[in-house]
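Read the structure below first, then the notes.
Number of protein chains: 2
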Amino acid sequence: MRLRLYNEWLLTEDQRDRFDVVLVSPRNPLNIGAVARAMANFGFARLKVVAPYAPHWHEAKSAVGAEQLLATAIEKATLAEAIGECTLVVGTGTLTYRKPEQTVVRLPDLAPMVRQEMEHGGRVALVFGPEKHGLTRQDLSYCHLLVEIPTGAKQPSMNLGQAVAVCLYELATRALAVDEPAAETAMRARAATAGRLELLAGVVERAMVAADYSPATMREANRHDLRLLLRRLAPSERDVRRILGLFRRILWRLER
Amino acid sequence: MRLRLYNEWLLTEDQRDRFDVVLVSPRNPLNIGAVARAMANFGFARLKVVAPYAPHWHEAKSAVGAEQLLATAIEKATLAEAIGECTLVVGTGTLTYRKPEQTVVRLPDLAPMVRQEMEHGGRVALVFGPEKHGLTRQDLSYCHLLVEIPTGAKQPSMNLGQAVAVCLYELATRALAVDEPAAETAMRARAATAGRLELLAGVVERAMVAADYSPATMREANRHDLRLLLRRLAPSERDVRRILGLFRRILWRLER
Chain U
0 MRLRLYNEWL LTEDQRDRFD VVLVSPRNPL NIGAVARAMA NFGFARLKVV
50 APYAPHWHEA KSAVGAEQLL ATAIEKATLA EAIGECTLVV GTGTLTYRKP
100 EQTVVRLPDL APMVRQEMEH GGRVALVFGP EKHGLTRQDL SYCHLLVEIP
150 TGAKQPSMNL GQAVAVCLYE LATRALAVDE PAAETAMRAR AATAGRLELL
200 AGVVERAMVA ADYSPATMRE ANRHDLRLLL RRLAPSERDV RRILGLFRRI
250 LWRLER
Chain F
0 MRLRLYNEWL LTEDQRDRFD VVLVSPRNPL NIGAVARAMA NFGFARLKVV
50 APYAPHWHEA KSAVGAEQLL ATAIEKATLA EAIGECTLVV GTGTLTYRKP
100 EQTVVRLPDL APMVRQEMEH GGRVALVFGP EKHGLTRQDL SYCHLLVEIP
150 TGAKQPSMNL GQAVAVCLYE LATRALAVDE PAAETAMRAR AATAGRLELL
200 AGVVERAMVA ADYSPATMRE ANRHDLRLLL RRLAPSERDV RRILGLFRRI
250 LWRLER
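As structure tokens, this is what we get:
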């Protein structure tokens with residue numbers, strides 16, 4: 000007898016393949032286990048872990064009853080590598096002590112954006128920072144959006160496992176539901192991947208240097224601002240090709 | 000400077016007073032702590048605990064960093080006593096192994112019912128069972144509704160702390176919200192005017208010419224594409240200033 004209201008999986012296989020949960024330097028093995036549990040609860044399958052603290056990471060993987068997806072989790076040394084193939088990178092965190100540099104979206108408003116990106120064949124990453132301090136300013140510069148879970152200011156900071164559960168619940172039920180009719184969307188161009196944006200940023204930066212755009216001491220800050228700018232503009236792959244073409248030509252002329 | 004999108008509390012004081020979270024015989028002190036944390040995150044204040052296992056309950060209450068609401072939690076011997084004053088009692092659980100005897104509501108559909116009850120001056124209880132087996136058939140007989148969190152059948156059973164977080168997130172944001180925050184409009188940067196985009200297009204076009212980007216016969220088509228590109232990217236006024244600065248510098252170098 001089938002009693003449950005839900006399907007075996009909440010997500011289609013294709014959706015599972017194109018949605019990454021990324022943990023940056025998680026510390027607590029219990030939290031890592033809780034993240035994997037929430038992913039399994041809501042039908043997510045791809046976990047990436049950036050620069051984990053090795054002993055705790057191995058403890059989490061080998062815990063009794065550990066989720067199978069911990070065994071297939073992918074380890075990366077940097078966030079840039081982890082999200083290289085993604086077209087929409089969503090950072091998480093509370094804003095109490097930080098002035099955000101990217102667009103901030105309330106979690107209840109995130110679903111349509113993720114749904115649209117998935118319907119267009121994009122690849123989405125949801126990125127969580129270390130338990131203590133959350134994502135750094137540099138981590139966030141790789142993100143197109145910053146999502147905020149609405150919490151009260153008396154106790155804004157959520158436990159990692161609970162924050163992941165809340166986000167995945169929201170997306171599984173409101174962005175990725177299996178029965179959502181595939182909308183008319185072939186119009187919008189394919190988004191550029193994070194890797195392509197980095198390539199473009201590199202060429203623009205070389206042009207900046209070749210044009211003596213600013214003193215060498217400003218380069219780090221310029222690189223950071225450029226990364227933010229490209230995420231705000233969110234060019235399509237076609238746009239990236241066009242802009243790359245122009246800057247390569249400019250660069251060639253400047254360096255000649 | 001106020002950066003967060005949300006109020007100090009997500010719920011009004013009156014709502015907090017008329018919403019109880021009830022744990023029936025919780026075992027794991029870490030779970031009890033996680034429940035209290037989630038309640039604090041989402042602005043709930045009233046915790047009731049039914050027949051707790053005394054040593055673990057005291058351990059949870061006295062843990063370092065325990066939420067203040069654990070100290071004011073109310074202990075009851077039976078569920079019947081705990082929910083005596085409530086007008087809507089909502090049980091939680093997965094239905095995999097049990098045939099429900101009451102109306103089952105998906106969590107995403109629960110908010111309107113809770114909102115209506117609260118608006119009519121009612122008192123609502125959300126009841127969670129012990130970690131291992133969930134609410135018994137007798138416990139459920141005190142419930143008006145049974146709410147199911149949509150999870151995939153491969154791993155339907157949620158961790159208690161995560162289940163509470165997901166339910167309270169859903170109700171705080173969709174049933175009890177104090178007011179819609181006049182949100183990200185304040186954060187989103189001012190869009191550039193069409194006139195500024197044209198100015199930018201002119202400078203970029205001059206850089207294209209100076210760099211011999213394409214033959215003169217293509218200039219009309221390039222100008223058109225550039226205009227489309229800038230609208231697609233929709234830079235803010237601040238972004239326009241930044242891009243203008245770079246292209247003016249490049250132009251100056253190319254034309255020197």
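Keeping their order, the protein sequence lines are chains U and F.
As numbered in numbering that gives the first Met the number 0, residues 0 to 255 make up the first sequence, in order.
As numbered in numbering that gives the first Met the number 0, residues 0 to 255 make up the second sequence, in order.
From the three backbone atoms N, C-alpha and C, an ideal C-beta is built for every residue, glycine too.
Helix, strand or coil at R237(U) [DSSP, three-state] | helix
Give the residues of chain F in contact with V165(U), contact being defined as C-beta atoms less than 7 Å apart. A164, V165 and Y168
If we count the other Cβ atoms within 10 Å of its Cβ and call it buried at 16 or more, is G64(U) buried or exposed? exposed
Going by the beta-carbon positions, is the gap between A44(U) and R15(U) smaller than 8 Å? yes
(request) Find the nearest neighbour of K75(U) within the set R218(U), A50(U) and C142(U), judged by alpha-carbon distance. (result) A50(U)
Exercise. Which of the three DSSP states, helix, strand or coil, is assigned to E58(U)?
Worked result: helix
| query | So, do the segment 126-138 of chain U and the segment 146-164 of chain U have three or more beta carbon pairs nearer to each other than 8 Å? | reply | yes
* By the criterion of Cβ-Cβ separation under 7 Å, what are the contact partners of G42(U) in chain F? -> G151
Practice task
May I ask you to verify whether the segment 102-122 of chain U touches the segment 218-226 of chain U, counting CB pairs closer than 8 Å and requiring at least 3?
Solution key: no
- Is there at least one Cβ from chain U nearer than 8 Å to L9(F)'s Cβ? yes
Starting from T172(U), follow the beta strand (DSSP E) in both directions and report where the run begins and ends. Per DSSP, T172(U) belongs to no beta strand (DSSP E); it is in the alpha helix (DSSP H), L159 to R173.
Determine the closest residue to Q154(F) out of I82(U), E66(U) and V146(U), with distance taken between C-alpha atoms.
-> E66(U)
(Q) Restricting to Cα atoms, I'd like to know which of V21(F), A35(F), R240(F) and W251(F) is closest to A209(U). (A) W251(F)
- [ ] Output the boundary residues of the beta strand (DSSP E) element that contains L22(F).
- [x] F18 to V23
message: Quick test of your reading: L139(U) and C166(U), contact by CB under 8 Å. State the CB separation rounded to the nearest angstrom.
response: Actually they do not touch by this definition, with Cβ atoms about 16 Å apart.
Cβ of T172(U) less than 8 Å from any chain F Cβ? yes
>> My output table needs one value for T91(U): the three-state DSSP class, helix, strand or coil.
In response: strand
| said: 8 Å is my cut-off, CB to CB: does I31(F) come that close to chain U? | reply: no
**Q.** Per-residue DSSP class, three states only, for I242(U)
**A.** helix
At least 3 beta-carbon pairs within less than 8 Å: the segment 225-235 of chain U vs the segment 77-84 of chain F: no
task: Report the neighbours of P234(F) on chain U: residues whose CB is nearer than 7 Å to its CB, in chain order.
output: L232
| said: On the DSSP letters alone, give me the boundaries of the beta strand (DSSP E) that R45(U) sits inside. | reply: R45 to V49
Can you give me the start and stop residues for the alpha helix (DSSP H) that A76(U) sits inside?
Segment: none, A76(U) is in no alpha helix (DSSP H) and carries neither H nor E.
Considering just the uninterrupted stretch of the beta strand (DSSP E) at E204(U), what are its terminal residues?
No beta strand (DSSP E) contains E204(U), which is instead part of the alpha helix (DSSP H) from A193 to A209.
**Asked** Does DSSP classify T102(U) as helix, strand or coil?
**Response** strand
Taking Cβ to Cβ, would you say L144(F) is nearer than 8 Å to V23(F)? no
Worksheet item: With a CB to CB cut of under 7 Å and the five nearest residues on each side skipped, what residues in its chain are close to F246(U)?
Response: V202, V203 and A206
Alpha carbon to alpha carbon, how far is V146(U) from H55(F)? 35 Å
- For M257(F), return the contacting residues in chain U, with the cut-off set at a CB-CB distance below 7 Å. The question about residue 257(F) has no answer, for chain F in this structure spans 0 to 255.
ask   = How should I148(U) be labelled, buried or exposed, when 16 other C-beta atoms within 10 angstroms of its C-beta is the threshold for buried?
value = buried
Check the Cβ-Cβ distances between A181(F) and every residue of chain U, and say whether any is below 8 Å. Residue confidence is low: A181(F) scores 41 on pLDDT, short of 50, so the model does not pin down where it sits. No coordinate-derived value is stated.
- Query: Roughly how far, in whole angstroms, is the beta-carbon of A37(U) from the beta-carbon of A174(U), given that I think they are within contact range, below 8 Å?
  - Reply: Not quite, the Cβ-Cβ distance comes to about 16 Å (not below 8 Å), so this is no contact.
For R195(F) and L243(F), what's the separation of their Cα atoms in angstroms? 10 Å
message = Please identify the residue among Y212(F), A33(F), S213(F) and A200(F) whose C-alpha is closest to the C-alpha of L227(F).
response = A200(F)
- For L145(U), does the three-state DSSP call read helix, strand or coil? strand
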